Each structure stands twice: as C-alpha cells, then as structure tokens.
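Report on the structure given below.
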Amino acid sequence: MANAPINPTDVGTPPVEQPVNKVTIGDVSDRREPPAEIDAVIEVEDVSVYYGAYEAVRGVNLQIGYNEITALIGPSGCGKSTVLRCFNRMNDLVVGARVKGRITYHGNDLYRADIDPIEVRRRIGMVFQKPNPFPKSIYDNIAYGPRVNGLKTKNMDDLVEQALTRAALWDEVKDKLKESALALSGGQQQRLCIARTIAVQPEVILMDEPCSALDPIATARIEDLMHELARDFTIIIVTHNMQQAARVSDRTAFFTAEVDDKGERHGRLVEFDRTSQIFTNPNDKRTEDYITGRFG
Amino acid sequence: MAREGFHSQLGAVLGALVDMTGTAGEAIERATMALLDADLDAADEVATLNTRLDDARRVVEEQTYELLARQQPVAADLRALVSAIRIGIDIDRMGSLANHIAKVARRRHPAHAVPADLVPRFREMGIVARRVAESAGAVLAEPDAANAARLDVDDDTMDTLHRRLFRVVLGDWEHGVEAAIDVVLLGRYYERFADHAVAIAETVVYLVTGELPDERADHLG
C-alpha cells in the first residue's frame, strides 16, 4: 500500500469495519468501551503548530480511533482548536501557519504537496461553534455540498432526507424543506449543519465546540446524536466543557497552556487516554487539577 | 428520552444487583444444606457462589464509579448510584456470611455442627434467610410498600429465632463448649444475613424518597 502510485485525491481507503467492544453487566448494557489498541484513522506524531515564529502548540502525539469519539479538552490557549484545524487543513487558510511533525490519514501524510485540501475537507468535515447555515432553504443547505462536489445521485430528495434523518432533524423539518434555514432554532440549525456535513459522506467529522451556543436540552440532543453518528463516522470534538467530554467521548486528550518567561502562552499535550481512565484516575497531576477544577 | 445510553447503563447496574441478591439467596440455601446435612459439596458450592458475588460486586462498583465520574448524575440518578454502592456492600456481606456458615460445616465435618434437637430451628432460619434474600431482590426490582413490609416481618421472625437460640444455649446445654460456640456464631450469621437484607430495603427507601434511612435499632442478642 505504501509503495503504490498515489492519486493526489486518494487519501486512503477506510479499513474493514471493526466490531464495537461491549462491556456487559448482566445482559443489558449498550456501553462502548474502546479497545486498548487504537485502530487509528489519523495519527499525529511529534506535532507542533506555528503561526509565524510563535509556537502555538507542541508535543502532540495521539491517534484518532476509527468510529470512536475523541475529545480534545483544556483551558484557553492550550492549542486544542489549533490541532483540530490541522486535521482538515483549515490552518492552511491562516497566513504563516505551519505544521512541524507528521499527521497521517490512513497512513498517508496529510500535508504532502500533492494532497488536495478540498478533497481532504470533504472526507474530514467540520461543524463549528456557531451554527452557520447558508441563507438558503433547508433543502438547499443539504443539497449544496453534494451538488458542488459533483456527487452523482439519482435522487437528491432521498439524499437530503437521509442526511436530515441521520442528523435527527427530519421529523421536525420534513414539512418545511423549502423554508429558510435561518428560521430554525439554534439547536435545529446546528443539527442542520451536521446534516449538511454528512451529506457529502465524510469519514471523519470534526466538531469545534458544537454545543457552546446551545441550551442544555439542545446540547443533550446533540450528544445523543453523536453517539449514533459514531456508528458510522469517526468524530473528534473540541470542547471547553469537560463534563461533555466525560459524557460523550471514548478517548480524551488533555492539553494545557504553559506561560514562558516572556509571558507567552504555548499549548502542550499533557495526557491522552481512554476517557474512563482520564476521569476516574488520570496519570498526570495537571490533568487531575484541571478536571477537578483546581486548575488556576 | 435524552441520555438513553446513561439510563440504560444505570438500569443495568440495578439489574445486576437484583441478580446478585438471587445469588446470595442460593448461597444461604446451600449453606443451610451444608450445615444440616454435613454436606461438603454444598459447602464448596457456597464458596464458589461467594466468589461469584465478590467478582460481580467489583464489576458493579467499577461501573458505578465510572458513571459517577462521567455522567454528573443528580437527584434520583445520583441517589441510585450511591445506593448501588451501599447495596453492593450489603449483598457482598450476605455472601460472606453464607460462606462463614458453610465453613463451620466444613470444619466440623463429618460430624454435624448443629445438634439434632436444634436442627428444626436452623432449618427455619435457613428458610427465612432465603426469603429475605428474595425479598431484597424484589424490593430492588419493584420498590413498593408490600415488598418492604414482607422483609420487616421476616426480620422480626429471624430476631426472635435468634433470641430463642441464646436461651437454649444458656439453659440446660449438654452438647459441650465447642458446639455452644458454633451454635451461637451460626445464629449470629443468620441474623446478620437478614439484617443486611433489611439494610438493602432501607437504602431503596432512600433511593425512592431521598430520605436517609433511620438508625437501625441495635438488636440485642
């Protein structure tokens, strides 16, 4: 595989589907505990990210597991969003942004010169903190991506319905698909953005504080949705709400912000482990201080 | 309903505890058989059941801690998880007590640990103990007043049997010191077994109503 001629738009094929490990008590439990060994879709090796001369985050080593939910947590300025934006090369759009180290997607270097970033962003989609539906109808919001990407589909109606169903929004909007997406509530808009992302059939979904702008009930609905989506997608979520990371994720990466002697903040990965471990018995005192609220 | 995953995990924890009360009931039944029939095989079975209870309790406790850490439970959910830890401990003790009874039988084997004229009393204690284990499971599965009341009645019965045992030992006792000690200890084991079942019911009251259980009256021997 490593030596085969590589089509610039081919960033790798998904692996054979792995069975989800289940921990059972008695007969009833739909808990997923991730396997000890990570079936990695994305690997991050010794990565630092610079904006010009400024080192925003350093020492990042982690693996994103297939069909798992990985959370990046930490205080402001710790680099978690910077790292997230490396996965779909959004940092390319920032002048002077530079990645040192290696980020691979299915074993292929994501930053190789001949990789098409647009194709990367189709395979690795993103949902943002503030819902950002297009000023179009609900239908057109979903259809836009497939149309623009030239995805062949016999029936756009079916594709739109499927995307909205998978985003747990179909029932609420099926009778008003031609209405403006901007008329939806915040929680609905965010689910629309998720539907829009999955309409182009990504493999990975990046979520940058997807619930920060939402009320607790809308947040709970999206968290439930994430569990369902993780059956079919690999999800990476940045959240400043560590309880959300505890509820939702399989693995958690904790970043901290260090202040150097010039008073500048630099982010650093401190610990990366199964979420159950991080929140019951973390290895690093800095992790424990942060999650127990003793930080600062 | 949101948080379905969490609530089904919570249900699984409570379901596991109900199963464990069943195992404790089996254990006390085998222990009584081991005791009254001087049956070594039954004694071995009790040891196995007790180990199973220890392992089950560990799994339940780990799962409970993880749910507490990861799900930020409040109100009834929090009470359920705190109760699960308490109830796990009570069931664990019930298993251990059954094992103590079986060990007495093993130690005195091939002799019978219980003198013939006391067998009916211990048989009854065994029956009551089996019943309280079942009732504890029933209360956990279906917290209602009827199930809880049944437990109270059986607990009183057990206390009475236990008290009468003391009178017999302190009366015209012709079976020697070793037998006296064993009979007293055995009576205590059965009485404590029932007490732990009652404790489970009290914890269930807390789980349902949010009120902490009253201090249990110290039962004098």
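For the record, the sequence lines run as chains A and B. One rule links them: number in my numbering = place in the first sequence (from 1) + 1. One rule links them: number in my numbering = place in the second sequence (from 1) + 1. Idealized CB from N, CA, C, for every residue including glycine. Note that the coordinates shown come from a computational prediction; the quantities given were computed from them, not determined experimentally.
Check, Outcome
"Contact between the segment 94-107 of chain A and the segment 42-59 of chain A (3+ Cβ pairs under 8 angstroms)", "yes"
"Beta-carbon proximity check, Pro116 (chain B) vs Ala39 (chain B), cutoff 8 angstroms", "no"
"Complete runs of the alpha helix (DSSP H) confined to the segment 118-173 of chain A [at least 4 residues]", "118-124, 139-150 and 157-167"
"Boundaries of the alpha helix (DSSP H) in which Ile88 (chain B) is found, first to last residue", "Ala76 to Arg109"
"Any C-beta of chain A under 8 angstroms from that of Glu5 (chain B)", "yes"
"Pick from A:Gln64, A:Pro203 and A:Gly264 that is closest to Thr105 (chain A), judged by C-alpha positions", "A:Gln64"
"Cβ of Tyr66 (chain B) within 8 angstroms of any chain A Cβ", "yes"
"Contact under 8 angstroms by Cβ, Gln242 (chain B) with Gln244 (chain A)", "The structure shown does not extend to residue 242 (chain B), since chain B is modelled only from 2 through 222, so no value can be given for it."
"Integer-rounded CB distance, given that Ser213 (chain A) should sit under 8 angstroms from Ser181 (chain A)", "Their Cβ separation, rounded to whole angstroms, is 24 angstroms, which puts Ser181 (chain A) and Ser213 (chain A) out of contact at 8 angstroms."
"N-terminal and C-terminal residue of the alpha helix (DSSP H) that Ser49 (chain A) is part of", "Here Ser49 (chain A) belongs to no alpha helix (DSSP H); instead the beta strand (DSSP E) covers Ala41 to Tyr52."
"Chain-ordered neighbours of Ala70 (chain B) on chain A, where CB pairs are closer than 7 angstroms", "Ala247, Phe280 and Thr281"
"Under the three-state DSSP convention, the category Ser181 (chain A) falls into", "strand"
"Buried or exposed by the 16-neighbour rule on C-beta atoms within 10 Å, applied to Leu187 (chain B)", "buried"
"Opening and closing residue of the beta strand (DSSP E) in which Gln202 (chain A) lies", "No beta strand (DSSP E) contains Gln202 (chain A), which DSSP labels as neither H nor E."
"Asn62 (chain A) and Asp40 (chain A) closer than 8 angstroms at C-beta", "no"
"6 angstroms CB neighbourhood of Met159 (chain B) in its chain, flanking five on each side removed", "Val129, Glu192 and Ala195"
"Residues from the segment 205-238 of chain A in contact with chain B, defined by Cβ distance under 9 angstroms", "Ile218, Ala221, Arg222, Glu224, Asp225 and His228"
"Chain B contact for Ser186 (chain A) (CB, 8 angstroms cutoff)", "no"
"7 angstroms CB neighbourhood of Gly27 (chain A) in its chain, flanking five on each side removed", "Here Gly27 (chain A) scores only 39 on pLDDT, less than 50, and its place in the model should not be relied on; the value that follows carries that caveat. Correct list: empty, nothing qualifies."
"Residues near Tyr207 (chain B) in its chain [Cβ-Cβ closer than 7 angstroms; skip 5 each side]", "Arg80, Ser84, Leu213 and Pro214"
"At least 3 beta-carbon pairs within less than 8 angstroms: the segment 201-213 of chain A vs the segment 165-184 of chain A", "no"
"Partners in chain B for Thr257 (chain A), counting only beta-carbon separations shorter than 8 angstroms", "Within chain B, no residue comes near Thr257 (chain A); the closest Cβ sits about 20 angstroms away, beyond 8 angstroms."
"Nonlocal neighbours in the same chain, by C-beta distance under 7 angstroms from Ile86 (chain B), ignoring five residues either side", "Glu62 and Thr65"
"Touching by the beta-carbon criterion (3+ pairs, under 8 angstroms), the segment 105-118 of chain A and the segment 146-156 of chain A", "no"
"Cα-Cα separation, His8 (chain B) to Leu166 (chain B)", "46 angstroms"
"Residues bridged to Asp209 (chain A) (per DSSP)", "A:Val239"
"CB contact check: Thr253 (chain A) to chain B, cutoff 8 angstroms", "no"
"Exposure of Ala147 (chain B), with buried meaning 16 or more beta-carbon neighbours within 10 Å", "exposed"
"For Met127 (chain A), the nearest candidate out of A:Ile195, A:Val45 and A:Ala114 (CA to CA)", "A:Ile195"
"Short CB-CB distance (under 8 angstroms) between Thr276 (chain A) and chain B", "yes"
"Candidates A:Ser77, A:Gln130 and A:Ile43, of which the one nearest Ile70 (chain A) by Cα", "A:Ile43"
"DSSP-derived helix/strand/coil call for Thr257 (chain A)", "strand"
"Gln244 (chain A) at chain B interface by Cβ criterion, 8 angstroms", "yes"
"Reduced DSSP secondary structure (H/G/I, E/B, other) of Ile26 (chain A)", "Per-residue confidence for Ile26 (chain A) stands at a pLDDT of 40, beneath the threshold of 50, marking its modelled position as unreliable; the derived number appears in the next sentence. Ile26 (chain A) falls in the coil class under three-state DSSP."
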